[in-house]
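Per this note's numbering, residue 14 is the first one in the sequence shown, and the count goes up by one each step. The beta-carbon is built from N, C-alpha and C at its ideal position, and this holds for glycine as well. Heads up, the thing below is written out as structure tokens.
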Amino acid sequence: LGMITQWQAMFYEGDYQAETYTGNPDFVKLAEAYGIKGLRATTQDELEGVIREANAHDGPVVIDFVIEKVDDVYPMIPAGQSVEELIEDPN
Numbered sequence: 014l015g016m017i018t019q020w021q022a023m024f025y026e027g028d029y030q031a032e033t034y035t036g037n038p039d040f041v042k043l044a045e046a047y048g049i050k051g052l053r054a055t056t057q058d059e060l061e062g063v064i065r066e067a068n069a070h071d072g073p074v075v076i077d078f079v080i081e082k083v084d085d086v087y088p089m090i091p092a093g094q095s096v097e098e099l100i101e102d103p104n
């Protein structure tokens, strides 16, 4: 979700450190390696069908929901602050 990048952009003037993203494993193949059904949704249009397929399966299922790397996480509480200083989505 890019939480480190989000913090560095908001509180450290874009001084990006220790946020190199090298990618994820193939969670579908990882699930299948353990004998578990693996599914992936890469678009919003695929969500309903993938969830329906997972619910219809008789056994465990791993679903890889692929999202944009740049999605920020809200609400957030800045370091050292209380819940009163909570930051909601600025958009």
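- Continuous alpha helix (DSSP H) stretch holding ILE64: start and end: Locating residue 64 in the sequence shown gives position 51, where the first residue counts as 1. Counting along the chain, the alpha helix (DSSP H) containing ILE64 begins and ends at 57-69.
- Let me know if ALA69 comes out buried or exposed under the rule of 16 or more other beta-carbons within 10 Å of its beta-carbon. Counting from one through the sequence shown, the residue named residue 69 turns up at place 56. Label assigned to ALA69: exposed.
- Query: Would ALA46 be called buried (16 or more neighbouring beta carbons within 10 Å of its own) or exposed?
  - Reply: Residue mapping note: residue 46 aligns to position 33 of the sequence shown, counting from 1. By the neighbour-count rule (16 or more Cβ atoms within 10 Å), ALA46 is not buried but exposed.
- Task: For ALA67, collect the residues of the same chain with a Cβ closer than 7 Å to its Cβ; drop the 5 residues on either side in sequence, then sort them by chain order.
- Result: Here the question's residue 67 lines up with position 54 in the sequence shown. Within the same chain, Cβ atoms closer than 7 Å to the Cβ of ALA67 are found at LEU52, VAL74, ILE76, the five residues on either side in sequence being excluded.
- Query: CA-CA distance, GLY48 and ASP39?
  - Reply: Taking the sequence shown and counting its residues from 1, one reaches residue 48 at position 35. Taking the sequence shown and counting its residues from 1, one reaches residue 39 at position 26. Approximately 15 Å, taken between the alpha carbons.
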